Amino acid sequence: MPDLGRAALVTSFLLLVYALVAGSYAAWKGRRRLAESAQNALIASFGATAVAAAVLLGALARHDFSFQYVADHTSRELPLGYTLTAFWGGQEGSLLLWLLVLCGYSVAAVLTARRAGRDILAWVVPTLGLVGTFFAVLLVFVASPFATQAATADGAGLNPSLQNPYMAVHPPMLYLGYVGLTIPFAFAMGALLARRTDERWIVATRRWTLAAWAFLGFGQLLGAHWAYVEIGWGGYYAWDPVENAALMPWLAATAFLHSVMIQEKRGMLKVWNVLLVVLAFCLSLFGTFLTRSGIIQSIHSFTQSSIGPWFLGFICVITAGSLALVFARLPLLRAKTRLESLVSREATFLYNNLLLVALSLTILWGVVYPILSEAVTGEAASVSKPYYNFFLHSFGLPLLLLMGIGPLVAWRRASLRALGRTFLWPLTAAIAAGVALLAAGAGSSRVGVIAYTFSVFVLASIVLEFARGTSARKALGGVGWAGAFSSLIARNRRRYGGYVVHAAIVLLAIGVAGSSAYETVREARLQKGESMSVAGDRLVFRGYETALESNHRAIRALVDVYRGGEYLGRYKPGKNQYFAEDQVSNEVSIRHDWLTGGDLFLIADQVNSDGSIDLKALQKPLVNLIWLAGFVFLGGSLIALWPDAREERRLAERYAGATVRI
Amino acid sequence: MPGKRSPVRLIVALSVAAVLAVFLLYTSIAGGGTPSVRPSQLAGHKGRVSLMGQVVGEPAGDAHGAGLRFRLRDVKGSATIPVVYTGSVPDLFRKGRDVVVDGRLRNGVFMAVPNTLVTKCPSKYTPKR
Chain A
11 MPDLGRAALV
21 TSFLLLVYAL
31 VAGSYAAWKG
41 RRRLAESAQN
51 ALIASFGATA
61 VAAAVLLGAL
71 ARHDFSFQYV
81 ADHTSRELPL
91 GYTLTAFWGG
101 QEGSLLLWLL
111 VLCGYSVAAV
121 LTARRAGRDI
131 LAWVVPTLGL
141 VGTFFAVLLV
151 FVASPFATQA
161 ATADGAGLNP
171 SLQNPYMAVH
181 PPMLYLGYVG
191 LTIPFAFAMG
201 ALLARRTDER
211 WIVATRRWTL
221 AAWAFLGFGQ
231 LLGAHWAYVE
241 IGWGGYYAWD
251 PVENAALMPW
261 LAATAFLHSV
271 MIQEKRGMLK
281 VWNVLLVVLA
291 FCLSLFGTFL
301 TRSGIIQSIH
311 SFTQSSIGPW
321 FLGFICVITA
331 GSLALVFARL
341 PLLRAKTRLE
351 SLVSREATFL
361 YNNLLLVALS
371 LTILWGVVYP
381 ILSEAVTGEA
391 ASVSKPYYNF
401 FLHSFGLPLL
411 LLMGIGPLVA
421 WRRASLRALG
431 RTFLWPLTAA
441 IAAGVALLAA
451 GAGSSRVGVI
461 AYTFSVFVLA
471 SIVLEFARGT
481 SARKALGGVG
491 WAGAFSSLIA
501 RNRRRYGGYV
511 VHAAIVLLAI
521 GVAGSSAYET
531 VREARLQKGE
541 SMSVAGDRLV
551 FRGYETALES
561 NHRAIRALVD
571 VYRGGEYLGR
581 YKPGKNQYFA
591 EDQVSNEVSI
601 RHDWLTGGDL
611 FLIADQVNSD
621 GSIDLKALQK
631 PLVNLIWLAG
641 FVFLGGSLIA
651 LWPDAREERR
661 LAERYAGATV
671 RI
Chain B
26 MPGKRSPVRL
36 IVALSVAAVL
46 AVFLLYTSIA
56 GGGTPSVRPS
66 QLAGHKGRVS
76 LMGQVVGEPA
86 GDAHGAGLRF
96 RLRDVKGSAT
106 IPVVYTGSVP
116 DLFRKGRDVV
126 VDGRLRNGVF
136 MAVPNTLVTK
146 CPSKYTPKR
């Protein structure tokens with residue numbers, strides 16, 4: 011069986027090399043039949059990679075410990091579900107998943123994005139072939155998932171922190187995001203190589219970019235939730251390099267999603283868009299490099315492996331190659347129109363872009379700071395939370411504000427009087443909210459008040475946009491309010507889906523601000539019967555209970571929670587002692603308050619031999635809005651992604667004849 | 026429109042200037058990062074550093090009382106330093122684990138900043154070949 015897997019990978023490698031070499035030659039010389047054959051090779055490589063993946067999956071399911079990968083990452087006791095998700099629990103499997111997803115995306119994008127025009131597509135195929143070849147080289151020559159050994163009786167087992175339902179969805183989501191960014195990159199390069207620098211490559215890949223971006227965003231929120239409920243330190247994001255690795259390309263892709271609208275509408279920012287997509291793709295490669303090379307200290311500490319230099323080399327090649335290409339095509343990338351006013355939709359998009367890129371690059375600076383400082387001063391130094399928080403506040407809060415301003419400002423140029431009229435209500439609402447918050451004592455955190463005031467402003471302007479659109483639609487007649495509302499969204503999915511995503515980001519901002527700026531933390535050592543209080547709740551420690559499970563001993567502290575004399579229930583934070591792994595794991599207990607959106611987060615920090623407990627209690631206001639934001643984000647993305655027959659027809663008319671060339 | 030510069034350039038130039046200003050502001054207020062050192066490199070560092078090393082000897086004491094006491098050794102080396110730590114102790118913390126902890130050197134003892142102890146994942150899960 012391992013031979014079949016190896017053969018499938020070699021086949022996939024050869025097909026991808028063919029797609030790269032023959033595809034480039036065909037595109038260069040304009041050989042149509044050869045270009046088609048290169049495209050078929052790309053499509054076939056998906057089949058070959060799928061066979062390889064099936065072989066590995068089969069070996070995992072059969073507990074075939076003659077596969078090194080299976081022996082290293084699973085054991086006989088491991089439940090079937092986790093045995094299968096161990097597919098991406100290790101490095102080789104992760105790379106295989108990457109290649110599989112890449113080939114899948116390639117096939118889907120090449121088959122559906124014919125509108126880009128045959129000449130662009132002819133160059134897209136070799137570009138995708140190049141990226142695929144890189145991963146195939148790694149899988150065939152450097153880190154093969156099909157290395158064999160004399161079969162052992164049992165495997166080493168899976169890291170307990172990966173034995174978790176989140177493991178089944180969080181990594182694949184991130185992969186779908188990371189890898190998906192290859193598609194807009196390949197089309198941008200295709201457009202440059204084919205000298206077709208109009209907005210068609212953007213239109214053709216819009217949904218792919220959006221899908222990759224949505225996966226990446228939702229995957230990160232899943233990871234944050236995983237950290238929050240399972241790791242148990244009371245937080246959800248720690249500015250760890252591996253977390254930042256996913257955030258950076260997401261921010262760059264967010265900038266890209268906005269700036270392409272300007273190119274579509276006004277034919278501006280062509281160079282910028284190409285640079286952004288290169289940045290997003292390189293950051294996604296860099297993210298994989300970070301997680302796989304172990305070059306930077308991270309609490310995630312994956313395998314330290316030999317593929318780091320390969321990635322670094324590939325990132326350099328991609329960066330240098332695409333920058334050279336952009337430079338060579340600069341004359342073709344001149345804008346058709348120019349920015350007319352600093353107060354216009356285009357200008358707010360530009361501000362938003364600069365802030366997003368600035369945020370992304372300052373995070374990058376923080377991530378590589380240890381390497382840079384070691385190279386310069388000979389001693390590694392790292393930046394921590396205050397650094398990141400500072401820039402999140404400096405760039406994130408203006409971004410939040412822009413989210414409320416941008417959608418209401420007219421294209422081209424807006425008069426100040428019109429602006430005053432437009433912003434009257436959102437501004438009034440925001441000021442009223444700010445005053446109310448200060449009166450309610452929220453002034454303890456300046457950043458918190460600013461974030462909330464801006465959030466109210468953005469929400470008010472979103473509501474205003476929906477209300478205005480709905481009433482305009484209703485004025486056309488024939489529909490009621492509900493009908494007008496739904497047809498408004500259906501007719502402008504991209505726009506209103508975007509607003510829903512904005513609302514999700516606002517919820518996220520409120521949740522993050524509430525749970526960090528207004529968090530209360532209390533720690534105390536309690537003897538049985540003693541109590542402590544945290545932000546109005548009284549916690550009484552009632553002693554321990556222990557239970558013997560099949561693979562661990564569970565110790566639980568019994569904590570009764572009272573609020574103003576009312577009994578709210580018994581919560582059981584504790585620890586599990588795993589016998590086989592000889593490891594302790596913290597089991598937190600969380601009381602969700604669905605009415606206020608806040609959580610009471612209980613950690614049994616230390617179980618003492620005299621029967622006392624060191625209890626840590628956190629009140630995290632509004633933290634559940636973060637998870638709610640995830641669902642709203644998903645909903646908004648789906649609205650924007652949903653196929654739109656009307657748009658298709660419009661585009662078909664616009665680009666009629668575009669595919670006849672060559 | 027000859028002679029008239031595009032506002033795009035103005036925006037970009039101003040924004041880049043603003044970003045740089047914010048960045049400089051930060052570095053001037055907060056200074057650089059925290060140096061990461063091994064126990065053998067600790068001598069001469071007066072300020073806050075983050076110390077990385079391997080736990081040697083059984084940790085003793087009360088992390089929520091007078092302090093948890095243990096020694097850290099260079100991961101590849103022999104220099105060791107005594108550490109006193111208070112605050113939350115990660116699940117994976119124990120003898121033989123690689124940890125990172127922030128603090129300052131005082132009279133030959135590394136006084137850790139509370140709640141900064143971080144354990145690295147044990148290498149048990151990353152088989153070496």
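Those protein sequence lines, which keep their order, are chains A and B. Residues 11 to 672 (the working numbering) are what the first sequence spells out, left to right. Residues 26 to 154 (the working numbering) are what the second sequence spells out, left to right. Beta carbons: idealized from backbone N, C-alpha and C, even for Gly. Predicted model, so just to flag it, every value in this text is computed and none were measured.
- If you draw a straight line from the Cα of A/N502 to the Cα of A/S481, it is about 15 Å long.
- In this structure, DSSP gives A/A527 a helical state, which the three-state scheme calls helix.
- Contact annotation, A/L186 with A/A222: C-beta distance approximately 7 Å; criterion of less than 8 Å satisfied.
- Contact between the region 204-219 of chain A and the region 628-639 of chain A is absent: fewer than 3 CB-CB pairs across the two stretches fall below 8 Å.
- Chain B has no Cβ within less than 8 Å of the Cβ of A/S370.
- In this structure, the CA atom of A/I130 is about 23 Å from the CA atom of A/L109.
- Scanning A/L360, A/G227, A/A234, A/W249 for the CA closest to the CA of A/Q273 turns up A/L360.
- Between the beta-carbon of B/V108 and that of B/F95 there is about 6 Å, and that keeps the pair under the 8 Å contact cut.
- Annotation note: the region 156-213 of chain A contains the following uninterrupted alpha helix (DSSP H) runs of length 4 or greater, listed N- to C-terminal: 175-190, 192-203.
- For B/A137, the closest Cβ of chain A is not nearer than 8 Å.
- In the structure shown, A/P631 adopts coil according to DSSP, grouped into three states.
- Relative to B/S113, the option among A/A534, A/T192, A/L333 whose CA is nearest is A/A534.
- With fewer than 16 neighbouring CB atoms inside 10 Å of its own CB, A/W38 falls in the exposed class.
- Inter-residue distance for B/G90 and A/T301 is about 37 Å (C-alpha atoms, whole angstroms).
- Restricting attention to A/V281, A/L612, A/R128, the CA atom closest to the CA of B/V33 is found in A/V281.
- DSSP, reduced to helix, strand and coil, places A/I241 within a helical segment of the structure shown.
- Where B/A137 is concerned, the enclosing beta strand (DSSP E) starts and stops at 134-137.
- In the three-state DSSP reduction, A/Q49 falls in the helix class (H, G or I).
- Contact between the region 180-197 of chain A and the region 98-116 of chain A is present, with at least three C-beta pairs closer than 8 Å.
- The beta carbons of A/A439 and A/F467 sit about 7 Å from each other, so the pair counts as a contact at 8 Å.
- In the DSSP annotation of this structure, A/E663 is not part of any beta strand (DSSP E); the continuous alpha helix (DSSP H) holding it starts and ends at 655-664.
- Residue-level contact check: B/D99 does not touch chain A, since none of the beta carbons of chain A fall below 8 Å from its beta carbon.
- When DSSP states are grouped into helix, strand and coil, A/K626 belongs to the strand group.
- Pairwise C-beta distances place the region 51-61 of chain A out of contact with the region 525-532 of chain A, as fewer than three of them are shorter than 8 Å.
- Cβ contact annotation for A/D654 (same chain, cutoff 7 Å, sequence separation greater than five): R503, in chain order.
- A/A160 and B/V62 have their C-alpha atoms some 42 Å from each other.
- A/M271: not part of any beta strand (DSSP E); member of the alpha helix (DSSP H) spanning 251-276, first to last residue.
- Nearest in C-alpha terms to A/D547, of all of A/T158, A/P380, A/V445, A/E576, is A/E576.
- Counting along the chain, B/G78 sits inside no alpha helix (DSSP H); it lies in the beta strand (DSSP E) bounded by residues 74-87.
- Not flagged as an interface residue toward chain B: A/V353, since no C-beta distance is shorter than 8 Å.
- Cα atoms of B/V125 and B/V143: separation of roughly 5 Å, rounded to the nearest angstrom.
- Under a criterion of Cβ atoms nearer than 8 Å, no residue of chain A is adjacent to B/S65; the nearest Cβ is some 13 Å distant.
- For A/E209, the closest Cβ of chain B is not nearer than 8 Å.
- Within the region 377-397 of chain A, those residues whose Cβ lies closer than 8 Å to any Cβ of chain B are, in chain order, Y379, P380, S383, E389, A390, A391, S392, V393, S394, P396, Y397.
- The CB of A/S404 comes closer than 7 Å to the CB of V47 in chain B, given here in chain order.
- Relative to A/V27, the option among A/G15, A/M11, A/Q49 whose CA is nearest is A/Q49.
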